[in-house]
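**Student:** Could you have a look at this structure, given as structure tokens, before my questions?
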DNA sequence: CGGGATCCGTCTTGATACTG
DNA sequence: CAGTATCAAGACGGATCCCG
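Protein chains in written order, with my numbering: chain A, 507 to 620; chain B, 507 to 620.
Structure follows, in structure tokens:
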């Protein structure tokens with residue numbers, strides 16, 4: 507969540523935004539698992555905690571990668587969806603997944619993930 | 507530097523290894539700028555500090571992504587080079603760079619970077 | 001001089017408890 | 001259900017020290 511830009515390098519800047527252990531997992535859940543609600547993200551096996559999830563969702567929203575909308579007529583039910591810039595992270599997640607599958611033993615794509 | 511595996515997901519596992527603001531920048535310096543020495547990494551504009559650099563280099567070595575060798579006949583001069591698994595991160599860095607260039611304003615590839 | 005290790009103050013993370 | 005408050009633990013950064 508660093509907002510200070512360390513250099514003009516696109517790799518450094520992207521890592522400033524997304525270089526942590528959680529942010530891209532939320533994007534993964536949205537992109538490949540179709541998750542949209544706070545509680546759904548909490549259910550992922552990595553076990554993100556509520557304050558981290560809230561702060562990352564807010565940051566993704568501020569970055570314009572995610573949009574938050576009220577869910578139909580439920581009072582406090584929120585819906586998080588990837589924007590087009592958010593969806594454009596797909597090749598990044600794909601490259602990371604491919605590398606992990608090849609280089610890290612015993613990683614695998616769950617059945618419900620594309 | 508988390509060694510605890512949160513899930514079998516290749517994205518989560520890769521983020522456990524490389525999901526921080528510094529590790530992939532060292533790989534970038536090796537891969538695109540041909541840097542090989544401690545002092546060269548320190549010179550990058552992002553300004554990594556010596557303790558962080560030392561710990562990340564050690565971790566990359568432990569992961570088998572980097573190899574450390576004595577430099578010719580200089581006594582303590584060390585040489586850090588990417589192994590084949592390390593070099594296989596190229597598509598990941600490429601995808602990150604492409605995304606950053608397109609989505610983050612005022613990022614650019616320095617002239618000396620490919 | 002090159003390559004770290006160590007200390008220390010600060011900032012960030014994350015687990016848990018709590019709230020509307 | 002969807003978060004916020006709290007607070008301990010860890011990561012960062014930078015200065016300095018050390019060692020061949």
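No residue lacks a Cβ here, since even glycine has one placed at the ideal position from N, Cα and C.
1. Does the stretch 587-595 of chain B touch the stretch 571-588 of chain A, meaning 3 or more C-beta pairs lie closer than 8 Å?
2. What did DSSP end up calling residue 563(A) once you bin it into helix, strand or coil?
3. Check whether chain B comes within 8 Å of residue 561(A), counting only Cβ atoms and requiring the distance to be less than that.
4. At the level of alpha carbons, what is the spacing between residue 515(B) and residue 524(B)?
5. Apart from the five residues on each side of it in sequence, which residues of its chain come closer than 8 Å, Cβ to Cβ, to residue 614(B)?
6. Is residue 601(B) buried or exposed, if buried means 16 or more other CB atoms sit within 10 Å of its CB?
7. Throw me the rounded Cβ distance for the residue 599(A) and residue 534(A) pair, which I believe falls under 8 Å.
8. Just to confirm, are residue 603(B) and residue 558(A) a CB contact at a threshold of 8 Å?
9. According to DSSP, is residue 576(A) part of a helix, a strand, or is it coil?
10. Could you check how far apart the C-beta atoms of residue 526(A) and residue 522(B) are, in whole angstroms? I think they sit under 8 Å.
11. Within 8 Å (strictly less), CB to CB, does residue 606(A) reach chain B?
12. Could you check the C-alpha separation between residue 616(A) and residue 595(A) for me, to the nearest Å?
13. Kindly identify the DSSP beta-bridge partner or partners of residue 588(B).
14. So, is residue 548(B) buried or exposed, given that buried needs 16 or more other C-beta atoms within 10 angstroms?
15. What did DSSP end up calling residue 540(B) once you bin it into helix, strand or coil?
16. Measuring CB to CB, does residue 531(A) end up less than 8 Å from residue 552(A)?
**Tutor:** Checking against the coordinates, here is how it stands:
1. no
2. helix
3. no
4. 14 Å
5. 607
6. buried
7. 6 Å
8. no
9. strand
10. That pair is no contact at about 11 Å.
11. yes
12. 20 Å
13. 572(B)
14. exposed
15. coil
16. yes
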